[in-house]
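Chemist:
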Amino acid sequence: MRFPKRIFSTLATISLTTSFGLLSANASTKATTPMLGYRYDKQAANYQDLSSSDYYKDVWNNATASWKKAGFTWTKAATAKTTVSSYDGSSDMTLAGYNSVSYNKSTGEITSSKVRINRAVFEKYNYTKAERTNVAEHELGHALGIGHNNTDSVSVMNPANRYYTIQACDINGMKARYATTTTFDSVPNNPGEIITVTEYLHVQPKITNITTNYSSQSHSLILKGRAIGIEHLTLTYQGKKVRTVNVKSGQFKFAQQFKGYGDFKLMKGQQVLATIPSQQYATPKVKVTSAERTTKGIYYTLIGSRDATINIAQNGQVIKTIKNASATTKVFIPNAKIKNSTRGLTVTQRVTNKKPVRQFNYHL
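Residues -27 to -1, 1 to 337 (mature numbering (1 follows the signal peptide of the UniProt record, and there is no 0)) make up the sequence shown, in order.
(1) Are the Cβ atoms of Lys197 and Ala255 separated by less than 8 Å?
(2) Return helix, strand or coil for Arg105, following the three-state DSSP convention.
(3) Count the C-beta pairs between the stretch 277 to 287 and the stretch 245 to 264 that are closer than 8 Å, then say yes if the count reaches three, no if not.
(4) Indicate whether Gln224 and Val215 have their beta-carbon atoms separated by less than 8 Å.
(5) When DSSP labels each residue in this structure, what does Met240 get in the three-state scheme?
(6) What separation, rounded to the nearest whole angstrom, lies between the Cα atoms of Gln16 and Gly202?
(7) I'd like the list of long-range same chain contacts for Ser191, defined as Cβ closer than 8 Å, with 5 residues on each side in sequence excluded.
(8) Which residue wins for smallest C-alpha separation from Tyr136, given the options Arg105, His121, Thr154, Thr67?
(9) Give me, in chain order, the residues of the same chain whose beta-carbon lies closer than 6 Å to that of Phe45; leave out the 5 immediate sequence neighbours on both sides.
(10) Taking Trp47 as the reference, which of Glu112, Leu206, Tyr173 has the closest Cα?
(11) With residue 401 and Tyr20 assumed to form a contact (beta carbons below 8 Å), what rounded beta-carbon distance in angstroms separates them?
(12) Going by the beta-carbon positions, is the gap between Val127 and Thr2 smaller than 8 Å?
(13) Within 10 angstroms of its Cβ, does Leu(-6) collect 16 or more other Cβ (buried), or is it exposed?
(14) Please report the distance separating the alpha-carbon of Thr321 from that of His115.
(15) When you compare only the Cα positions, how much space is there between Asn(-2) and Gly120?
(16) Thinking Val74 and Asp22 are a contact (beta carbons under 8 Å), I'd like their distance in whole angstroms, please.
(17) If you measure between the beta carbons of Ser59 and Ile90, is that distance less than 8 Å?
(18) Applying the 10 Å Cβ sphere with the 16-neighbour rule, what's the burial state of Gly70?
(19) So, for Ser189: in the same chain, excluding its five sequence neighbours on each side, which residues have a beta-carbon less than 8 Å away from its beta-carbon?
Right, dumping it as structure tokens:
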């Protein structure tokens, strides 16, 4: 007796995309980057390049050229109230750069500005030359008088920018800052009115090279990977904080016990840096593409993982094991094995370093 081909449902698994901390192209961005409380007299200023290498001189040339194209003219000079350079900031690897500016709090006139970018961060976290130029553009943006855009903005003035050059929102902010005329030259500077402020560019936190393994002995997820701009990671499971993880030498590794098949998340503060859904640590599901019963028994066609071990059980008792399964596996179960009844049949696939999942129940 032949039965028609049937497709069997499997337990649902969560399907989410892992995020490695990159900024979203659909991020919330202020249309006009905010202004700071200081500026130059005109939409132009001189700067002195203190760089000792041709490489970083080229970075500053590219950054100032980008601002000139956007509408603010930076001109290199032998001496200037604004100086630019790179520095070895290995003592604080959370900062990609900073701008320290002194200005008259009554008029907003800039009296001096120190613009710096962190070579140690660039080298450790493999910034490209274009990304280093983006950082230089960011600090020059502070130097001319604009502040940070939103945390998740597509803007050169993103507070952790690495990936964006000058955007329309930044040009809007610069134009707004210089929309009025000033009379700085006619107002004498009073030393008591001069204050100094510093704007910092933080390193964009990022997680890479994540690997996941599951230990059946300890019922633990084993996670490891590399972390950029992060000292401590928060691990959550199914939305609840389960532990804090220390990052050492840019790397992390730990084991976390858990039950179920929920999502793990690695976070820095409230920012989600990576999501680990169940399909990254659980056994891939078996697809049952056909089942056919004859007078001799049942024929299954299964699509699973290569080199997996597949167990077919009835009422909890294993009646057939297929080791080193191929991608498509044909299985025959004689009537004698199931005592002429298909009730209580289950299929489980096991893969090394993956959490097993019961894939389906079936009976005719």
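Cβ atoms here follow ideal geometry from the backbone N, Cα and C, with glycine treated the same way.
Modeler: Let's see:
(1) In the sequence shown, counting from the first residue as 1, residue 197 sits at position 224. In the sequence shown, counting from the first residue as 1, residue 255 sits at position 282. Contact: no.
(2) Counted from its first residue, the sequence shown places residue 105 at position 132. Arg105 falls in the helix class under three-state DSSP.
(3) yes
(4) In the sequence shown, counting from the first residue as 1, residue 224 sits at position 251. In the sequence shown, counting from the first residue as 1, residue 215 sits at position 242. Going by C-beta atoms, Gln224 is not nearer than 8 Å to Val215.
(5) For this step, residue 240 is matched to residue 267 along the sequence shown. Strand, per DSSP.
(6) Counted from its first residue, the sequence shown places residue 16 at position 43. Counted from its first residue, the sequence shown places residue 202 at position 229. Rounded to the nearest angstrom, the two C-alpha atoms are 34 Å apart.
(7) For the purposes of this step, residue 191 is taken as residue 218 along the sequence shown, with counting starting at 1. Cβ neighbours of Ser191 beyond the five flanking positions: Ala228, Gln230.
(8) The residue you call residue 136 lines up with position 163 of the sequence shown. Minimum Cα distance to Tyr136 is reached at Arg105.
(9) Position 72 of the sequence shown holds residue 45. Cβ neighbours of Phe45 beyond the five flanking positions: Gln16, Leu117, Met147.
(10) Numbered from 1 along the sequence shown, position 74 holds the residue referred to as residue 47. Nearest C-alpha to Trp47: Glu112.
(11) This structure gives no information on residue 401, because the portion of the chain shown stretches from -27 to 337.
(12) For the purposes of this step, residue 127 is taken as residue 154 along the sequence shown, with counting starting at 1. For the purposes of this step, residue 2 is taken as residue 29 along the sequence shown, with counting starting at 1. Yes, the pair counts as a contact, with Cβ atoms nearer than the cut-off.
(13) Within the sequence shown, numbered from 1, the residue matching residue -6 stands at position 22. Confidence in Leu(-6) is poor, its pLDDT being 35 and thus under 50, which makes the residue's placement unreliable; the coordinate value appears in the next sentence. So Leu(-6) ends up on the exposed side.
(14) Translated into the one-based positions of the sequence shown, residue 321 becomes position 348. Translated into the one-based positions of the sequence shown, residue 115 becomes position 142. Rounded to whole angstroms, Thr321 to His115 spans 59 Å at the Cα level.
(15) Within the sequence shown, numbered from 1, the residue matching residue -2 stands at position 26. Within the sequence shown, numbered from 1, the residue matching residue 120 stands at position 147. A caution first: Asn(-2) carries a pLDDT of 40, below 50, which makes its placement in the model unreliable, though a value can still be read off. Each residue's alpha carbon lies about 21 Å from the other.
(16) For the purposes of this step, residue 74 is taken as residue 101 along the sequence shown, with counting starting at 1. For the purposes of this step, residue 22 is taken as residue 49 along the sequence shown, with counting starting at 1. That pair is no contact at about 17 Å.
(17) Locating residue 59 in the sequence shown gives position 86, where the first residue counts as 1. Locating residue 90 in the sequence shown gives position 117, where the first residue counts as 1. Cβ atoms of Ser59 and Ile90: closer than 8 Å.
(18) The residue you call residue 70 lines up with position 97 of the sequence shown. Classification for Gly70: buried.
(19) Stepping through the sequence shown from its first residue, residue 189 is reached at position 216. So the list reads Lys328, Pro329, once near-sequence residues are dropped.
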